[in-house]
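Asks: Under full-length UniProt numbering, residues 1 to 747 are what the sequence shown spells out, in order. By construction, the Cβ of each residue, glycine as well, lies at the ideal position given by its N, Cα and C atoms.
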Amino acid sequence: MGTGVSKGTDGGSHGSEEDRISLEQAGGQLYVSLKMENRKLTGDLVPHVYGSVPLVGSWDPTNALSMERESASMWELSFVVPPNHETLDFKFLLKPKHSNTPCFVEEGPNRLLIRGALQEDARQPRLALFRLENDEVLEYQVFVKADRVSPFDLAASWRAYQENFRPSAARGIPDVSINSMPQTSSENASSVGLELDLEHYVVPAPSTSANSASVYAANMTENPRSLSGWSGSSSYSIEEMEVVVPDPSKVYQGSGTVESKSVGTFSPVQKQDGQRGLFVDRGVGSPRLVKSSSSSIFSADHNLDTDTKNSMPAAAGAVAAAAVADQMLGPKEDRHLAIILVGLPARGKTFTAAKLTRYLRWLGHETKHFNVGKYRRLKHGANQSADFFRSDNPEGIEARNEVAALAFEDMISWMQEGGQVGIFDATNSTRSRRNMLMKLAEGRCKIFFLETICNDVNIIERNIRLKIQQSPDYAEEPDFEAGLQDFKNRLANYERASLSTVYEPVEEGSYIKMIDMVSGHGGQIQVNNISGYLPGRIVFFLVNTHLTPRPILLTRHGESQDNVRGRIGGDTALSEAGELYAKKLANFVEKRLKSERAASIWTSTLQRTILTASPIGGFPKIQWRALDEINAGVCDGMTYDEIKKNMPEEYEYVADFSRKKDKLRYRYPRGESYLDVIQRLEPVIIELERQRAPVVVISHQAVLRALYAYFADRPLKEIPHIEVPLHTIIEIQMGVTGVQEKRYKLM
Numbered sequence: 001m002g003t004g005v006s007k008g009t010d011g012g013s014h015g016s017e018e019d020r021i022s023l024e025q026a027g028g029q030l031y032v033s034l035k036m037e038n039r040k041l042t043g044d045l046v047p048h049v050y051g052s053v054p055l056v057g058s059w060d061p062t063n064a065l066s067m068e069r070e071s072a073s074m075w076e077l078s079f080v081v082p083p084n085h086e087t088l089d090f091k092f093l094l095k096p097k098h099s100n101t102p103c104f105v106e107e108g109p110n111r112l113l114i115r116g117a118l119q120e121d122a123r124q125p126r127l128a129l130f131r132l133e134n135d136e137v138l139e140y141q142v143f144v145k146a147d148r149v150s151p152f153d154l155a156a157s158w159r160a161y162q163e164n165f166r167p168s169a170a171r172g173i174p175d176v177s178i179n180s181m182p183q184t185s186s187e188n189a190s191s192v193g194l195e196l197d198l199e200h201y202v203v204p205a206p207s208t209s210a211n212s213a214s215v216y217a218a219n220m221t222e223n224p225r226s227l228s229g230w231s232g233s234s235s236y237s238i239e240e241m242e243v244v245v246p247d248p249s250k251v252y253q254g255s256g257t258v259e260s261k262s263v264g265t266f267s268p269v270q271k272q273d274g275q276r277g278l279f280v281d282r283g284v285g286s287p288r289l290v291k292s293s294s295s296s297i298f299s300a301d302h303n304l305d306t307d308t309k310n311s312m313p314a315a316a317g318a319v320a321a322a323a324v325a326d327q328m329l330g331p332k333e334d335r336h337l338a339i340i341l342v343g344l345p346a347r348g349k350t351f352t353a354a355k356l357t358r359y360l361r362w363l364g365h366e367t368k369h370f371n372v373g374k375y376r377r378l379k380h381g382a383n384q385s386a387d388f389f390r391s392d393n394p395e396g397i398e399a400r401n402e403v404a405a406l407a408f409e410d411m412i413s414w415m416q417e418g419g420q421v422g423i424f425d426a427t428n429s430t431r432s433r434r435n436m437l438m439k440l441a442e443g444r445c446k447i448f449f450l451e452t453i454c455n456d457v458n459i460i461e462r463n464i465r466l467k468i469q470q471s472p473d474y475a476e477e478p479d480f481e482a483g484l485q486d487f488k489n490r491l492a493n494y495e496r497a498s499l500s501t502v503y504e505p506v507e508e509g510s511y512i513k514m515i516d517m518v519s520g521h522g523g524q525i526q527v528n529n530i531s532g533y534l535p536g537r538i539v540f541f542l543v544n545t546h547l548t549p550r551p552i553l554l555t556r557h558g559e560s561q562d563n564v565r566g567r568i569g570g571d572t573a574l575s576e577a578g579e580l581y582a583k584k585l586a587n588f589v590e591k592r593l594k595s596e597r598a599a600s601i602w603t604s605t606l607q608r609t610i611l612t613a614s615p616i617g618g619f620p621k622i623q624w625r626a627l628d629e630i631n632a633g634v635c636d637g638m639t640y641d642e643i644k645k646n647m648p649e650e651y652e653y654v655a656d657f658s659r660k661k662d663k664l665r666y667r668y669p670r671g672e673s674y675l676d677v678i679q680r681l682e683p684v685i686i687e688l689e690r691q692r693a694p695v696v697v698i699s700h701q702a703v704l705r706a707l708y709a710y711f712a713d714r715p716l717k718e719i720p721h722i723e724v725p726l727h728t729i730i731e732i733q734m735g736v737t738g739v740q741e742k743r744y745k746l747m
């Protein structure tokens, strides 16, 4: 509460006489807090207060006011009186909470409270003494504090109390429910109805929206730094890197950590000073995360070196705990993880790498996607024919191994500068190539192989055609069929040769093998010698990803009563505008998903989202606690003005429109931070990836910011500032070519 003048047990005022007079003239009130503390157990006896008007109005012990337990040893009773109140005459007593006997009144004269100050004398210090039946004396320490508060603060507090304890309008609605028919009434049809053509409501998406389907992934990556000043010679010999396959039991098994964030989403590449390194064929480079505000505390407590601090993810909860364990217990090279992709062309390697990069970045791991194809095009040109990839072409083999080594060295250099997870995207289809990479990784990072195998000829044919349409390798080929035939010839060169089989499946080291998983219709996943928190999360993520096209609709609840009042958090019902939006949303969903009977509606457990979804009929509705709004802690239900007045230090973060504060890591007092929200949303992301039918997510601004950032591949630090307007639907189209976004403004 807002305070002007505060008085303690000594009766002295902490404000000036002028302050007291002005507050009294302004109609200020006294908020008085009586506290008693005893660190010894007292059985079932509970402190009570009884006395004169206006405190209790009765000296009958049966009418005494019970004090509330504040902690294990502290009891408290608070009340409001005018600053010029008559003298309060009272005493403390002990009695059972639900009985009037036995009752023990404190010894000594009555206590007097005048203008919020407790009057004391030598016979009655700040102690309350109680003599029990067995002559045992219990001693409580007494505290009294009085704060002057304005009528505005009192009204705001009472309003918040009434709203928080008002029964929810959504009470009785089960967590999972299905309405068989839409519930839009005919009397409101004219005001609720939408145009037949939903395109009428489309509004422009922001420039950083999730539109990647029309952009070839390789064009969205950083340029290889090792080729920026290419001299035409290599500083290492390819022959020296061809070594014997190491014993699988000795292959690095630690868990690196990473910050990931991009798969096929249109987002500008951003770099900070000193951040170099390459990133290839999918995934967008993100700014190097600055050290978290807690990292200095972490280093002080645990004495971590600089390399360890740089390899910690920008995360909270389980991700942070796992990273700490891996960093503290594992070898130094395990602080960095290299995921080496293996597979023939057109098997979905780049798609898988892109989704994995986006997922890891969103979790807070510094992750980059390195594609050897981009190195090859920059070093040797984009118009190489299929002969360049023949297994009996030694010059081609040497050139491809050379650019692979360059890309790997760039990845290692980036890791040494603070990168955590590198995804190395190439065919890597022979044991000799993988030996070379393992040799390069020795003592520098932990690696495991991720092999994608696809036997579905229809998926392969589709991927080949997409490759011809989008790849820079065929940008100058006017004849589509000629390009198609050339790529199939290239693929044949990888698959077989006259003397031996070129493609050698992974059987060495640590690996994850995905067999026919990309379609989402079953398949197999094989895991060998994989351990650690992060590799385990990667396996779980990969099991749930697929290419089935489907829309995901994100929208905030309709305008709530707290939105109208400018209050954050809360659990109020909808305003009139919010109720109208709920009906329009139901109409929209009926039109947009009329042929998608397997769709579902997800809401939070707060009534404003449940009420927004209530008019939608014919689809299952599931309430997720994970979709609840960010917990504003003690600021819940307050306006920005109230926070500014009563908690100015918190206001600098809560209402930081200049973006100078670190809102990503800022945690509301007794509440949550955006990083906390991301951690509890991970199961939601996994389930959205697993779903094969459309999903409508009706949630809250902070939660939708985090969800949208995943699909749009936005840097973590931007999440608190992403605009998610009311009464707007963000449609995310998941599919083979990436992520597309469309926005509808219904009101």
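Alpha helix (DSSP H) containing residue 412: first to last residue?
Replies: Along the sequence shown, one-based indexing puts residue 412 at 412. Segment 394–416, the alpha helix (DSSP H) holding residue 412.
Asks: Would you kindly work out how many angstroms separate the C-alpha atoms of residue 132 and residue 561, rounded to a whole number?
Replies: Position 132 of the sequence shown, counted from the first residue, corresponds to residue 132. Position 561 of the sequence shown, counted from the first residue, corresponds to residue 561. A direct Cα-Cα distance of roughly 53 Å separates residue 132 from residue 561.
Asks: Name the DSSP beta bridge partners of residue 712, please?
Replies: The residue labelled residue 712 in the question sits at position 712 within the sequence shown. DSSP output for residue 712 lists no bridge partner at all.
Asks: Rounded C-beta distance between residue 441 and residue 353? I'm assuming under 8 Å.
Replies: Position 441 of the sequence shown holds residue 441. Position 353 of the sequence shown holds residue 353. That belief does not hold up - the Cβ atoms of residue 441 and residue 353 are roughly 17 Å apart, past 8 Å.
Asks: To the nearest angstrom, how far is the alpha carbon of residue 92 from that of residue 50?
Replies: Indexing the sequence shown from 1 puts residue 92 at position 92. Indexing the sequence shown from 1 puts residue 50 at position 50. Distance between the alpha carbons of residue 92 and residue 50: 7 Å.
Asks: Are residue 376 and residue 367 close, meaning C-beta to C-beta below 8 Å?
Replies: The sequence position of residue 376 within the sequence shown is 376, counting from 1. The sequence position of residue 367 within the sequence shown is 367, counting from 1. Cβ atoms of residue 376 and residue 367: not closer than 8 Å.
Asks: Report the three-state DSSP secondary structure of residue 258 (helix, strand or coil).
Replies: Residue 258 sits at position 258 when you count from the first residue of the sequence shown. Confidence is the limiting factor: at residue 258 the pLDDT is only 33, short of 50, which leaves the residue's position unreliable, though a coordinate-based value still follows. Reduced to three states, the DSSP call for residue 258 is coil.
Asks: Give a yes or no on whether the C-beta atoms belonging to residue 343 and residue 452 are separated by under 8 Å.
Replies: Along the sequence shown, read from residue 1 onward, the residue named residue 343 stands at position 343. Along the sequence shown, read from residue 1 onward, the residue named residue 452 stands at position 452. Their beta carbons are under 8 Å apart, which means residue 343 touches residue 452 by this criterion.
Asks: Nearest by alpha-carbon distance to residue 702: which of 713, 734, 663 and 739 is it?
Replies: Translated into the one-based positions of the sequence shown, residue 702 becomes position 702. When each option's Cα is compared against that of residue 702, the closest is 663.
Asks: Are the beta-carbon atoms of residue 741 and residue 732 separated by less than 8 Å?
Replies: The residue you call residue 741 lines up with position 741 of the sequence shown. The residue you call residue 732 lines up with position 732 of the sequence shown. Closer than 8 Å, so yes.
Asks: Would residue 349 be called buried (16 or more neighbouring beta carbons within 10 Å of its own) or exposed?
Replies: The sequence position of residue 349 within the sequence shown is 349, counting from 1. Counting Cβ neighbours within 10 Å, residue 349 comes out buried, since at least 16 surround it.
Asks: Please work out which residues of its chain come closer than 6 Å, Cβ to Cβ, to residue 603, disregarding the five sequence neighbours upstream and downstream, and give them in chain order.
Replies: Here the question's residue 603 lines up with position 603 in the sequence shown. Residues of the same chain with a CB within less than 6 Å of the CB of residue 603, apart from the 5 flanking positions on each side, are 609, 610, 613, 623 and 698 in chain order.
Asks: According to DSSP, is residue 153 helix, strand or coil?
Replies: On the sequence shown, residue 153 is found 153 positions in, with the first residue counted as 1. In the structure shown, residue 153 sits in a helix (DSSP, three-state: H, G or I).
Asks: Quick one: complete alpha helix (DSSP H) runs, 4+ long, within the region 485–549?
Replies: 533–543
Asks: Measuring only between beta-carbons, confirm whether residue 450 sits less than 8 Å from chain B.
Replies: Here there is only one protein chain, and chain B is not present.
Asks: Can you check which of these residues, 448, 670 and 707, is closest to residue 680 by C-alpha distance?
Replies: Against the sequence shown, residue 680 aligns to sequence position 680. Among 448, 670 and 707, the Cα nearest to that of residue 680 is on 707.
Asks: Mapping the DSSP letters down to three states, classify residue 131 as helix, strand or coil.
Replies: Here residue 131 refers to the residue found at position 131 of the sequence shown. Residue state, collapsed to three classes: strand.
Asks: Express the C-alpha separation of residue 383 and residue 318 in angstroms, rounding to a whole number.
Replies: Taking the first residue of the sequence shown as 1, we reach residue 318 at position 318. Taking the first residue of the sequence shown as 1, we reach residue 383 at position 383. Whole-angstrom Cα-Cα distance: 47 Å.
Asks: Got a sec, what are the start and stop residues for the beta strand (DSSP E) residue 385 sits in?
Replies: The sequence position of residue 385 within the sequence shown is 385, counting from 1. Looking at the DSSP string, residue 385 is not in any beta strand (DSSP E), and its letter there is neither H nor E.
Asks: Tell me, please, which residues DSSP counts as bridged to residue 602.
Replies: For this step, residue 602 is matched to residue 602 along the sequence shown. The partner list for residue 602 (beta bridge, DSSP) reads 622 and 697.
Asks: In angstroms with no decimal places, state the Cα-to-Cα distance between residue 358 and residue 710.
Replies: Locating residue 358 in the sequence shown gives position 358, counting from the first residue. Locating residue 710 in the sequence shown gives position 710, counting from the first residue. Their Cα atoms are separated by approximately 7 Å.
Asks: Keeping to the same chain, check which residues put their C-beta closer than 7 Å to that of residue 156; ignore five residues upstream and five downstream.
Replies: Reading the sequence shown from its first residue, position 156 is the one you call residue 156. Excluding positions up to five away in sequence, the list reads 642.
Asks: DSSP puts residue 105 in a beta bridge; with which residues?
Replies: Looking up residue 105 in the sequence shown gives position 105. Per DSSP, 93.
Asks: Using the rule of at least 16 other Cβ atoms within 10 Å of the residue's Cβ for burial, across every protein chain shown, is residue 387 buried or exposed?
Replies: By 1-based counting over the sequence shown, the position of residue 387 is 387. So residue 387 ends up on the exposed side.
Asks: Alpha carbon to alpha carbon, what distance is there between residue 489 and residue 627?
Replies: For the purposes of this step, residue 627 is taken as residue 627 along the sequence shown, with counting starting at 1. For the purposes of this step, residue 489 is taken as residue 489 along the sequence shown, with counting starting at 1. Approximately 49 Å between the Cα atoms of the pair.
Asks: Spatial neighbours of residue 684 within its chain, please: C-beta separation below 6 Å, excluding the five flanking residues on both sides.
Replies: One-based indexing of the sequence shown puts residue 684 at position 684. 626.
Asks: To the nearest angstrom, how far is it from the Cα of residue 616 to the Cα of residue 588?
Replies: The residue you call residue 616 lines up with position 616 of the sequence shown. The residue you call residue 588 lines up with position 588 of the sequence shown. Rounded to the nearest angstrom, the two C-alpha atoms are 9 Å apart.
Asks: For the beta strand (DSSP E) containing residue 563, name the first residue and the last one.
Replies: For the purposes of this step, residue 563 is taken as the residue at position 563 of the sequence shown. Unbroken run through residue 563 is the alpha helix (DSSP H), 561–565; no beta strand (DSSP E).
Asks: Can you tell me where the alpha helix (DSSP H) with residue 629 in it begins and where it stops?
Replies: Position 629 of the sequence shown, counted from the first residue, corresponds to residue 629. Element bounds for residue 629: n/a, residue is neither H nor E.
Asks: Can you list, in chain order, the residues of its chain with a C-beta nearer than 6 Å to that of residue 726? Leave out the 5 residues immediately preceding and following it.
Replies: One-based indexing of the sequence shown puts residue 726 at position 726. Contacts found: 556 and 559.
Asks: Whole angstroms is fine: what's the gap from residue 544's alpha carbon to residue 687's?
Replies: Taking the sequence shown and counting its residues from 1, one reaches residue 544 at position 544. Taking the sequence shown and counting its residues from 1, one reaches residue 687 at position 687. Approximately 8 Å, taken between the alpha carbons.
Asks: Pull up the distance between the alpha-carbon of residue 503 and that of residue 509, whole angstroms please.
Replies: On the sequence shown, residue 503 is found 503 positions in, with the first residue counted as 1. On the sequence shown, residue 509 is found 509 positions in, with the first residue counted as 1. For residue 503 and residue 509, the distance between alpha carbons rounds to 17 Å.
Asks: Are the Cβ atoms of residue 454 and residue 518 separated by less than 8 Å?
Replies: Indexing the sequence shown from 1 puts residue 454 at position 454. Indexing the sequence shown from 1 puts residue 518 at position 518. Contact: yes.
Asks: Let me know if residue 297 comes out buried or exposed under the rule of 16 or more other beta-carbons within 10 Å of its beta-carbon.
Replies: Reading the sequence shown from its first residue, position 297 is the one you call residue 297. Below a pLDDT of 50, predicted positions are generally treated as unreliable, and residue 297, at 31, falls in that range; the measurement from the model is reported next regardless. Burial call: exposed.
Asks: How many whole angstroms separate the CB atoms of residue 571 and residue 168, which I take to be in contact at a CB cut-off of 8 Å?
Replies: One-based indexing of the sequence shown puts residue 571 at position 571. One-based indexing of the sequence shown puts residue 168 at position 168. Between residue 168 and residue 571 the Cβ distance is about 7 Å, and since that is below 8 Å, they are a contact.
Asks: Straight-line CA distance for residue 279 to residue 372?
Replies: For the purposes of this step, residue 279 is identified with residue 279 of the sequence shown, where counting begins at 1. For the purposes of this step, residue 372 is identified with residue 372 of the sequence shown, where counting begins at 1. With a pLDDT of only 28 at residue 279, under 50, the local geometry of the prediction cannot be trusted, and no value is derived from it.
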